[in-house]
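Asker: Quick note on UniProt numbering: the sequence shown kicks off at 1 and runs consecutively. C-beta: ideal position from N, C-alpha, C; glycine also. None of the values given here were measured: they were computed from a predicted structure. Below: one structure in structure tokens.
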Amino acid sequence: MTTKIPGQDGTLSQPQATKLMQFYIDSHAKSIPKDNFDRPLYESLQVLDCTLHSPGITAKSTIRLKVPPNLSNQQEGKTPRNTHGGAIPMMFDLPTSITIVACNFSNWESTGMTRRLDVTYLKPPVEGDDVILESEVLNIGKRLATIRGVLKRERDGVVLAVCQHDKYMGDRAHYVGEKWDVSKL
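Printed below as a string of structure tokens:
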């Protein structure tokens, strides 16, 4: 038996969706071992806003994160310390996936599994920068979803990278967090 993401029967409000996204991210971050390389990134994720899916309106989210020092590919003492290119897809993965929550789509029992994550690099994020990740669910069906992500430097809005994230919802959820009481969100 699987547990559906709460509210995905069309009853989730925008404030509830925003809180649920943050709860989902925080729960995921806490489940990662403290010494794991990606934990600092996930701990820095902050959901700023979301737009719920409705006829003619696509689900969207805006998430802030701080580029952690452990993802740099340059030696200590060198500045600026650019983020390793392999770390950029990781920055997109959870924030784009979590936007599925704003779809209120009953067939999705979790955020699904990644089928493809294509990233186009424009400028390197720098260690310590605050960046904004804007996601939009372009298409969602019974099993497949396509999400677009845009990573921007917060201080000046410069686009650093863009992605297309294709998701698959299998016969059973590969990751379902603890049960949530949506009424308390």
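If I'm right that Ser-135 touches Lys-60 with Cβ under 8 Å, what's the distance once you round it to whole angstroms?
Answerer: Going by Cβ atoms, the distance from Ser-135 to Lys-60 rounds to 6 Å, so yes, they are a contact pair.
Asker: For Cys-103, collect the residues of the same chain with a Cβ closer than 6 Å to its Cβ; drop the 5 residues on either side in sequence, then sort them by chain order.
Answerer: Excluding sequence neighbours, Cys-103 sits near His-53, Ala-59, Val-137 and Ile-140.
Asker: Determine the closest residue to Thr-83 out of Phe-23, Asp-38, Val-101 and Ser-31, with distance taken between C-alpha atoms.
Answerer: Closest by alpha carbon: Asp-38.
Asker: Please classify Leu-48: is it buried, with 16 or more other beta-carbons within 10 angstroms of its beta-carbon, or exposed?
Answerer: Exposed, by the Cβ-count rule.
Asker: So, with DSSP's three-state summary, where would you put Ala-102?
Answerer: It is helical.
Asker: Using the DSSP secondary-structure output, state which residues sit across from Lys-34 in a beta bridge.
Answerer: Looking at the DSSP assignment, Lys-34 forms no beta bridge with any residue, so it has no partner.
Asker: Here's the rule I'm using: 16 or more other beta-carbon atoms within 10 Å means buried, otherwise exposed. How should Thr-3 be labelled?
Answerer: In this prediction, Thr-3 has a pLDDT of 41, which is less than 50 and means its spatial position is unreliable; nothing more can be read from the coordinates.
Asker: Output yes or no for whether 8 Å exceeds the beta carbon distance between Thr-111 and Val-162.
Answerer: Result no, Cβ atoms of Thr-111 and Val-162 do not sit closer than 8 Å.
Asker: Is it true that the CB of Val-101 sits closer than 8 Å to the CB of Tyr-24?
Answerer: It is a contact, given that the beta carbons lie within the stated cut-off.
Asker: Go ahead and pull the three-state DSSP assignment for Ala-161.
Answerer: Three-state result, Ala-161: strand.
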